[in-house]
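Scroll down for the structure; my scribbles are underneath it.
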Amino acid sequence: MRRLARDPLVAIAVLLLWLLLGIFILYPLACLLVRAFTDEGGLTLRPLLAVAGDPNNRRAFANSLLLALIVGAGGTVLAFLFAFTAVRARLPPRALAVLDGATWLPLISPPFTISVAILFSFGPRGFITYRLLGIGNFTAYGLTSTALAEIVTYFPIAYLTLRPVLAAIDPNIENAALSMGATRWRVFRTVTVPLAVPGLANAFLLLFAASLADFATPLILAGNSFPVLPTQAYLQITGLFDLKGGAVLSVLLLLPAAGVYLLQRSWVGRSSYVTVTGKAGPQTGAPALAPPARAVLIAACAVVGVAIVYFYALLLYASLVLAFGANHAWTLQHYRVIFTEGLPAIRDTLIIAGIGMPLGGLYGVLVGYLVSRKRFAGRQAMEIVSMINYALPGTIVGIAYLIAFNAPPLEITGTALIIIACYVFRYSPTGIRATVAQLQQIDRSIEEASQSLGARSGTTFRRVTLPLIMPAFFAGLGVVFIRSMTAISATIFLVSISWTLITVRILENMTELALGPAAAFSMFVIVIVFVVIAAIRMLLSRVRAPGGATVETMLGG
Amino acid sequence: MTPVAIRLAGLTKQFAHRVKGQVYAVRDVSIAIAPGELLTLLGPSGCGKTTTLRMIAGFEDPDAGTIAIGERDVTHLMANERNIGFVFQNYALFPHLSVYENVAYGLRVQKKPHGEIARAVGEVLGLVGLAGYERQQPHQLSGGEQQRVALARAIVFQPRVLLFDEPLSNLDAKLRVQMRDEIRQLQKRLGVTTVYVTHDQEEAMAISDRIAVMDRGEIVQVGTAESLYHSPANEFVAHFIGRTNLLSARVTAIRAGGVEVEFGGHAVRVPGDGAGLAIGQAVRLVVRPELIALRPPTDKGFRGAVLSRTFLGEKAEYRVGVGDQVFQITEYTRPHGTAFKVGDEVTLVFPTDGMHVLPE
Numbered sequence: 000m001r002r003l004a005r006d007p008l009v010a011i012a013v014l015l016l017w018l019l020l021g022i023f024i025l026y027p028l029a030c031l032l033v034r035a036f037t038d039e040g041g042l043t044l045r046p047l048l049a050v051a052g053d054p055n056n057r058r059a060f061a062n063s064l065l066l067a068l069i070v071g072a073g074g075t076v077l078a079f080l081f082a083f084t085a086v087r088a089r090l091p092p093r094a095l096a097v098l099d100g101a102t103w104l105p106l107i108s109p110p111f112t113i114s115v116a117i118l119f120s121f122g123p124r125g126f127i128t129y130r131l132l133g134i135g136n137f138t139a140y141g142l143t144s145t146a147l148a149e150i151v152t153y154f155p156i157a158y159l160t161l162r163p164v165l166a167a168i169d170p171n172i173e174n175a176a177l178s179m180g181a182t183r184w185r186v187f188r189t190v191t192v193p194l195a196v197p198g199l200a201n202a203f204l205l206l207f208a209a210s211l212a213d214f215a216t217p218l219i220l221a222g223n224s225f226p227v228l229p230t231q232a233y234l235q236i237t238g239l240f241d242l243k244g245g246a247v248l249s250v251l252l253l254l255p256a257a258g259v260y261l262l263q264r265s266w267v268g269r270s271s272y273v274t275v276t277g278k279a280g281p282q283t284g285a286p287a288l289a290p291p292a293r294a295v296l297i298a299a300c301a302v303v304g305v306a307i308v309y310f311y312a313l314l315l316y317a318s319l320v321l322a323f324g325a326n327h328a329w330t331l332q333h334y335r336v337i338f339t340e341g342l343p344a345i346r347d348t349l350i351i352a353g354i355g356m357p358l359g360g361l362y363g364v365l366v367g368y369l370v371s372r373k374r375f376a377g378r379q380a381m382e383i384v385s386m387i388n389y390a391l392p393g394t395i396v397g398i399a400y401l402i403a404f405n406a407p408p409l410e411i412t413g414t415a416l417i418i419i420a421c422y423v424f425r426y427s428p429t430g431i432r433a434t435v436a437q438l439q440q441i442d443r444s445i446e447e448a449s450q451s452l453g454a455r456s457g458t459t460f461r462r463v464t465l466p467l468i469m470p471a472f473f474a475g476l477g478v479v480f481i482r483s484m485t486a487i488s489a490t491i492f493l494v495s496i497s498w499t500l501i502t503v504r505i506l507e508n509m510t511e512l513a514l515g516p517a518a519a520f521s522m523f524v525i526v527i528v529f530v531v532i533a534a535i536r537m538l539l540s541r542v543r544a545p546g547g548a549t550v551e552t553m554l555g556g
Numbered sequence: 000m001t002p003v004a005i006r007l008a009g010l011t012k013q014f015a016h017r018v019k020g021q022v023y024a025v026r027d028v029s030i031a032i033a034p035g036e037l038l039t040l041l042g043p044s045g046c047g048k049t050t051t052l053r054m055i056a057g058f059e060d061p062d063a064g065t066i067a068i069g070e071r072d073v074t075h076l077m078a079n080e081r082n083i084g085f086v087f088q089n090y091a092l093f094p095h096l097s098v099y100e101n102v103a104y105g106l107r108v109q110k111k112p113h114g115e116i117a118r119a120v121g122e123v124l125g126l127v128g129l130a131g132y133e134r135q136q137p138h139q140l141s142g143g144e145q146q147r148v149a150l151a152r153a154i155v156f157q158p159r160v161l162l163f164d165e166p167l168s169n170l171d172a173k174l175r176v177q178m179r180d181e182i183r184q185l186q187k188r189l190g191v192t193t194v195y196v197t198h199d200q201e202e203a204m205a206i207s208d209r210i211a212v213m214d215r216g217e218i219v220q221v222g223t224a225e226s227l228y229h230s231p232a233n234e235f236v237a238h239f240i241g242r243t244n245l246l247s248a249r250v251t252a253i254r255a256g257g258v259e260v261e262f263g264g265h266a267v268r269v270p271g272d273g274a275g276l277a278i279g280q281a282v283r284l285v286v287r288p289e290l291i292a293l294r295p296p297t298d299k300g301f302r303g304a305v306l307s308r309t310f311l312g313e314k315a316e317y318r319v320g321v322g323d324q325v326f327q328i329t330e331y332t333r334p335h336g337t338a339f340k341v342g343d344e345v346t347l348v349f350p351t352d353g354m355h356v357l358p359e
């Protein structure tokens with residue numbers, strides 16, 4: 000504490016951050032729990048038991064877990080396939096770029112994109128089922144299509160975490176096994192895969208959590224026969240105006256989400272094999288793949304890649320014809336619609352993203368810097384609290400904000416502020432992590448050098464630390480922008496007549512069966528996000544620092 | 000700027016160790032460093048030398064004790080208020096700033112006028128032999144050049160004290176010798192009081208006015224290189240400074256001007272007044288390898304066999320077995336072909352003085 004007293008700037012920053020964390024993370028969560036666990040008579044479990052007693056809700060709970068398991072397992076396998084191919088198949092640079100591009104697309108798209116494309120393909124008048132196969136009454140709703148859409152949507156997150164894990168395996172370890180007479184297949188089974196286990200576990204948990212929290216895909220594809228928790232909670236609130244019921248349902252969702260979070264922190268966080276020796280081995284080549292294995296890998300990736308590109312091409316096509324499935328005459332009408340009727344949503348979204356972006360970047364860098372470089376009471380608590388809204392499913396965060404900020408003392412429902420705050424505190428943790436990771440690469444002695452040269456902590460931060468963590472700042476800022484453009488699960492509860500979002504308009508279009516404008520909106524978002532990412536990538540390449548954040552940091556969930 | 004003294008009194012720092020619990024990193028360290036002196040803290044890794052240095056710099060807070068620089072107690076000052084130049088083991092250059100900006104940093108913090116900064120930086124870069132390197136980025140420099148930039152950055156704002164934390168450990172052997180001479184010359188020229196940390200005894204002997212040998216958090220002996228070499232205070236110092244043979248011996252007589260001890264049936268005289276020693280007491284005799292001479296075998300004296308010989312150019316190092324004891328012996332190189340070989344029988348001849356006695 001003595002240090003804090005001598006360093007008033009740090010003390011002020013810490014107090015200010017705790018105030019913000021209290022208001023925008025702890026207070027809403029407390030409000031949600033109070034709402035779910037109290038009634039007129041005080042503390043009670045009755046609402047929870049009532050909700051849990053409803054067989055429909057129990058089914059939703061089981062369905063959510065089942066879906067998350069399937070998506071976790073399927074997505075991890077697919078991601079490993081892609082990551083292993085990228086790292087080991089010695090693809091020519093151009094082919095590697097195509098592979099990366101195919102994984103990028105789902106990451107920068109608004110949430111309904113794959114769902115819509117699946118409907119276009121397998122729906123009642125779907126391109127594949129109706130046009131190519133001539134099946135008229137194919138059911139595109141349910142577990143299979145939901146799981147498929149979520150796997151395609153989320154496996155790139157797992158790919159981005161697995162690829163560096165595989166790349167970091169010292170090839171000499173595998174060479175050592177080869178030199179002892181093991182076959183390539185045996186080396187793969189007994190060395191490569193075991194070394195990747197922590198990465199695989201992490202990838203599985205990431206996908207499990209993403210699927211558990213996914214609201215958009217099941218809303219479109221799950222149908223009535225396959226209810227899941229996030230959509231149930233949403234319908235409870237918007238359909239039945241039962242805020243309490245929605246709150247309790249979201250608390251049910253909290254249980255598995257918290258479980259995943261704890262598993263990830265306690266287990267995966269500690270068991271990384273990759274840096275056992277500290278120094279990375281020399282970049283000797285990994286053992287070459289057997290040619291047939293290589294061909295199979297590349298073919299499998301190509302099939303998936305083509306499928307993804309097909310989905311997006313279909314979406315682009317749908318945005319350019321009058322009515323997909325019925326009238327395929329070319330038109331720009333849908334784009335005209337989104338730039339006239341849809342203009343307020345576009346304007347609101349860009350304003351919100353534009354304001355949230357610098358705030359989120361700054362917040363992420365500040366928290367990351369304080370928790371990894373300064374010593375103060377409650378430092379670890381701050382790190383954990385700052386991650387809460389990121390780890391929670393969006394549905395929970397949205398309902399919590401709705402309950403907390405709908406009444407005094409902090410009545411901000413219906414304003415842009417509530418949406419901006421939601422995005423900043425939900426998506427800045429990527430920036431926090433990037434900052435922490437970057438600071439781990441920057442030896443503490445560099446800051447001590449500045450201090451010994453007479454610089455105060457504020458000066459040191461501004462002149463030495465900040466320039467060095469610029470990449471993390473840009474990555475953090477990029478994530479907030481991308482998610483502001485594409486997220487819906489939390490903010491669907493927070494939009495109002497005066498402030499709405501593109502993603503919400505897409506949902507409205509879909510429920511009105513105006514699929515053309517929905518497709519056009521999606522294409523618009525993809526283009527904007529792509530341009531922003533390209534700009535940030537250029538910036539990053541100019542401020543490149545050792546161990547710096549990359550564009551991948553930004554996209555990785 | 001007149002040189003100032005540094006005074007450490009009762010400096011103590013504990014750390015939580017994963018296995019051992021609370022351990023002393025530095026324990027009750029007290030020493031007075033004279034104005035303009037270069038004092039080296041020497042010891043094996045984990046002996047507390049770097050922690051001591053970092054407490055002088057203000058990077059660590061002592062749990063107890065005080066630090067005074069000149070007349071001022073700086074124990075509770077932040078590192079940026081102490082006016083100290085620090086040279087880090089890894090140089091810690093600002094990777095995003097040019098050589099010029101790295102060196103100018105301290106002056107900019109002091110808000111010196113541009114002209115003065117340019118003059119001072121130019122001067123100091125000339126001093127360390129890096130004139131013309133102003134626009135280079137740190138990653139473009141060799142290890143030795145980075146070292147010079149770190150040095151320039153630490154001295155340009157005329158700190159009252161210079162601190163070095165193993166500054167040469169990342170350089171190759173030749174460069175290490177060259178740089179340590181340059182650092183020493185520069186330090187003498189600037190007359191700045193300096194504390195230098197190293198684990199390399201040769202480096203410490205070459206560069207220091209005095210050496211403080213540290214072991215397990217405590218200073219065990221302070222003195223010039225020669226006094227440490229000839230009169231080590233205990234076995235740790237005897238082993239750490241130079242190579243040594245330790246022989247079990249017994250005190251036979253204490254006279255004015257020397258102590259007589261006996262080992263293996265031989266009587267030798269060791270200089271000293273015999274304080275703390277009693278007749279009949281078991282002691283350890285410190286015999287440096289270069290004091291023992293090798294002769295062709297004779298019937299009398301210590302006879303042994305050469306176990307190994309390492310030829311090092313101007314000298315050769317022998318290990319000779321006598322009974323179950325192994326002696327280390329250094330011999331200056333003789334004309335080619337006349338040296339002893341492994342397996343040769345030899346007689347060891349001990350000197351009559353130059354040996355040192357430690358209580359058992």
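In the order they appear, the protein sequences are chains X and C. Numbering that gives the first Met the number 0 puts the first residue of the first sequence at 0, with every later residue one more than the last. Numbering that gives the first Met the number 0 puts the first residue of the second sequence at 0, with every later residue one more than the last. Glycine included, every Cβ here is placed at the ideal spot set by N, Cα and C.
Should residue i be flagged as near chain X, meaning a C-beta pair shorter than 9 Å?
i: residue 94/C; result: yes
i: residue 81/C; result: yes
i: residue 77/C; result: yes
i: residue 104/C; result: yes
i: residue 233/C; result: no
i: residue 186/C; result: no
i: residue 56/C; result: yes
i: residue 24/C; result: no
i: residue 112/C; result: no
If the criterion is Cβ atoms closer than 9 Å, does the pair residue i and residue j meet it?
i: residue 560/X; j: residue 148/X; result: Because chain X here runs from 0 to 556, residue 560/X falls outside it and cannot be looked at.
i: residue 108/X; j: residue 524/X; result: yes
i: residue 364/X; j: residue 382/X; result: no
i: residue 29/C; j: residue 56/C; result: no
i: residue 111/X; j: residue 512/X; result: no
i: residue 223/C; j: residue 35/C; result: no
i: residue 503/X; j: residue 527/X; result: no
i: residue 357/C; j: residue 270/C; result: no
On the DSSP bridge list, what partners appear for residue i?
i: residue 358/C; result: 282/C
i: residue 265/C; result: 262/C
i: residue 38/X; result: 41/X
i: residue 164/C; result: 196/C
i: residue 16/C; result: 20/C
i: residue 247/C; result: 283/C
Under a CB-based cut-off of 9 Å, is residue i close to chain C?
i: residue 463/X; result: yes
i: residue 444/X; result: yes
i: residue 279/X; result: The pLDDT assigned to residue 279/X is 36, lower than 50, so where the model puts this residue is not dependable; a value taken from the coordinates is nonetheless given after this. No, its Cβ sits nowhere closer than 9 Å to a Cβ of chain C.
i: residue 367/X; result: no
i: residue 6/X; result: yes
So residue i is in the beta strand (DSSP E); what residue range does that whole segment cover?
i: residue 326/C; result: 324-331
i: residue 302/C; result: 301-310
i: residue 109/C; result: Residue 109/C -> no beta strand (DSSP E), and no H or E assigned at all.
Over the uninterrupted alpha helix (DSSP H) stretch that includes residue i, give me the two end residues.
i: residue 6/X; result: Segment: none, residue 6/X is in no alpha helix (DSSP H) and carries neither H nor E.
i: residue 447/X; result: 443-451
Just confirm the distance between the C-beta atoms of residue i and residue j, as a whole number of angstroms; I'd bet it's less than 8 Å.
i: residue 557/X; j: residue 459/X; result: The question about residue 557/X has no answer, for chain X in this structure spans 0 to 556.
i: residue 59/X; j: residue 226/X; result: 4 Å
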